[in-house]
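K.L.:
I am attaching a structure below and will ask some questions about it afterwards.
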């Protein structure tokens, strides 16, 4: 029996409304936990920590991650490897012995092998590229009948580019760590790939294009990013003050911003690009929409600080709300009990009376609503238009 839940939800909604009203009275309508300040009329202060740099929200076009791949052999397995009687394992194993000075002309000599396994190998080169002698993590997965890679060691294996004919860029080798005991056929070699050829991302000499990260892709963000970069241009001096100048940066769409490297900076473009990528701006200027991000696999819910929920009634599966109204004369032994499968969130339709989503999540926690059901309810509220945020489901 949960007769106190309606009163609790109403109190939580009222608390959200009071917080919203307080924020509105302070000159911050519809926000909770935003960037604020104190001072006289028309003045505000922003903490030095309330900034975001260009490199946090955008990358240079062409500087995305790339993947190296290869096939290798894992040795040292305790009877959990591929069967040597299978030609799929026997042939590469015979080549392994031959390349190390011990030819095996008859594949039947390898029939009892169970301590080796064929694996697929991948390594991710970061967006910034890689130089010779850099080391990368390596991921290995079984490709045949091996049941576990625990205790094994990856033998020297070349890693090539993702497309045929791209050449070898790294050599992988090392002990395998099985990170999830539920899937022992997948493992990692920490810093197991050593780069032998530079993998560099191209950068234009006269211009380059910034690509916004998916979370920040919006016309308002692209426009603010261009304005931030244009503010880096030096002030014209003397006779140059009356001349017309093309802007350094221009938003092409909601994803990309074209940046022109000034002629005076092209001799040392790295310095100018570094200045652009470390330029900062206030997150409040980005005007990003409120977001609720849920991960159905891990069961996590991440909410920005300004998400609100309008008045809504909820009925879901076994959710039961019970309220008790004592009759006259009121006696605990003879109450009037009303049971319903609905609950409400919010007070009135006014913006200032909207409940925060934190109030709703707190109510879920009090009612022990499973995380899967919480995600389903949030999805339905969003579809009804009562969740005032962008819902992102990973």
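Residue numbers (my numbering): 1 to 394.
Ideal Cβ positions, reconstructed from N, Cα and C, are used throughout, including at glycine.
Given residue 150, which residues of its chain have a CB within under 6 Å of its CB, disregarding the five upstream and five downstream residues?
P.N.:
The residue you call residue 150 lines up with position 150 of the chain shown. Same-chain partners within the cutoff: 178, 184.
K.L.:
How many angstroms separate the CA atom of residue 359 from the CA atom of residue 122?
P.N.:
On the chain shown, residue 359 is found 359 positions in, with the first residue counted as 1. On the chain shown, residue 122 is found 122 positions in, with the first residue counted as 1. Roughly 44 Å between the two C-alpha positions.
K.L.:
What residue does the beta strand (DSSP E) around residue 72 start on, and which one ends it?
P.N.:
Looking up residue 72 in the chain shown gives position 72. Counting along the chain, the beta strand (DSSP E) containing residue 72 begins and ends at 66-75.
K.L.:
Looking only at C-alpha atoms, which of 130, 366, 297 sits nearest to residue 375?
P.N.:
What you label residue 375 is simply residue 375 of the chain shown in a count that begins at 1. For the residues 130, 366, 297, the minimum Cα distance to residue 375 belongs to 297.
K.L.:
Quick check on DSSP: helix, strand or coil for residue 383?
P.N.:
To locate residue 383, count along the chain shown from 1; it is residue 383. Three-state result, residue 383: helix.
K.L.:
Can you tell me whether residue 90 is helix, strand or coil according to DSSP?
P.N.:
Working through the chain shown from its first residue, we reach residue 90 at position 90. In this structure, residue 90 counts as helix in the three-state DSSP scheme.
K.L.:
Starting from the Cα of residue 256, find the closest Cα among 234, 288, 220 and give me that residue.
P.N.:
Translated into positions along the chain shown, residue 256 becomes position 256. Looking at the Cα atoms, 220 is the closest of the given residues.
K.L.:
Going by alpha carbons, who is nearest to residue 198 out of 161, 86, 387, 104?
P.N.:
Taking the first residue of the chain shown as position 1, residue 198 is located at position 198. Comparing Cα-Cα distances from residue 198 to each of 161, 86, 387, 104, the minimum goes to 161.
K.L.:
Can you give me the Cβ contacts of residue 143 inside the same chain, cut-off strictly under 7 Å, excluding the 5 residues immediately before and after it?
P.N.:
As a working mapping, residue 143 is identified with position 143 in the chain shown. The residues are 118, 119, 120.
K.L.:
What three-state label does DSSP hand residue 209 in the structure shown?
P.N.:
Translated into positions along the chain shown, residue 209 becomes position 209. In this structure, residue 209 counts as strand in the three-state DSSP scheme.
K.L.:
Does the contact criterion of 3 or more C-beta pairs under 8 Å hold for the stretch 123-137 versus the stretch 92-101?
P.N.:
Segments in contact, no.
K.L.:
Reducing DSSP to helix, strand and coil, say where residue 235 ends up.
P.N.:
Residue 235 sits at position 235 when you count from the first residue of the chain shown. Reduced to three states, the DSSP call for residue 235 is coil.
K.L.:
Count Cβ pairs between the stretch 263-275 and the stretch 210-224 that sit closer than 8 Å; are there 3 or more?
P.N.:
At 8 Å Cβ cutoff, the stretches do not touch.
K.L.:
Does the distance from the CB of residue 290 to the CB of residue 307 come in under 8 Å?
P.N.:
As a first step, residue 290 must be located in the chain shown, where it is residue number 290. As a first step, residue 307 must be located in the chain shown, where it is residue number 307. Cβ atoms of residue 290 and residue 307: closer than 8 Å.
K.L.:
From the DSSP output, read off the bridge partner residues of residue 364.
P.N.:
Within the chain shown, numbered from 1, the residue matching residue 364 stands at position 364. BP columns for residue 364 are empty, so no partner.
K.L.:
Between the alpha carbons of residue 67 and residue 74, how many angstroms are there, rounded?
P.N.:
Taking the chain shown and counting its residues from 1, the one referred to as residue 67 is at position 67. Taking the chain shown and counting its residues from 1, the one referred to as residue 74 is at position 74. Distance between the alpha carbons of residue 67 and residue 74: 21 Å.
K.L.:
Using the three-state DSSP reduction, which class does residue 373 fall into: helix, strand or coil?
P.N.:
If you number the chain shown from 1, residue 373 lands on position 373. If DSSP states are grouped into helix, strand and coil, residue 373 belongs with the helices.
K.L.:
When the Cβ atoms of the stretch 194-208 are set against those of the stretch 221-235, are three or more pairs found closer than 8 Å?
P.N.:
Output reads no: the stretch 221-235 does not touch the stretch 194-208.
K.L.:
Quick one: grab the DSSP three-state call for residue 300.
P.N.:
Position 300 of the chain shown, counted from the first residue, corresponds to residue 300. Three-state result, residue 300: strand.
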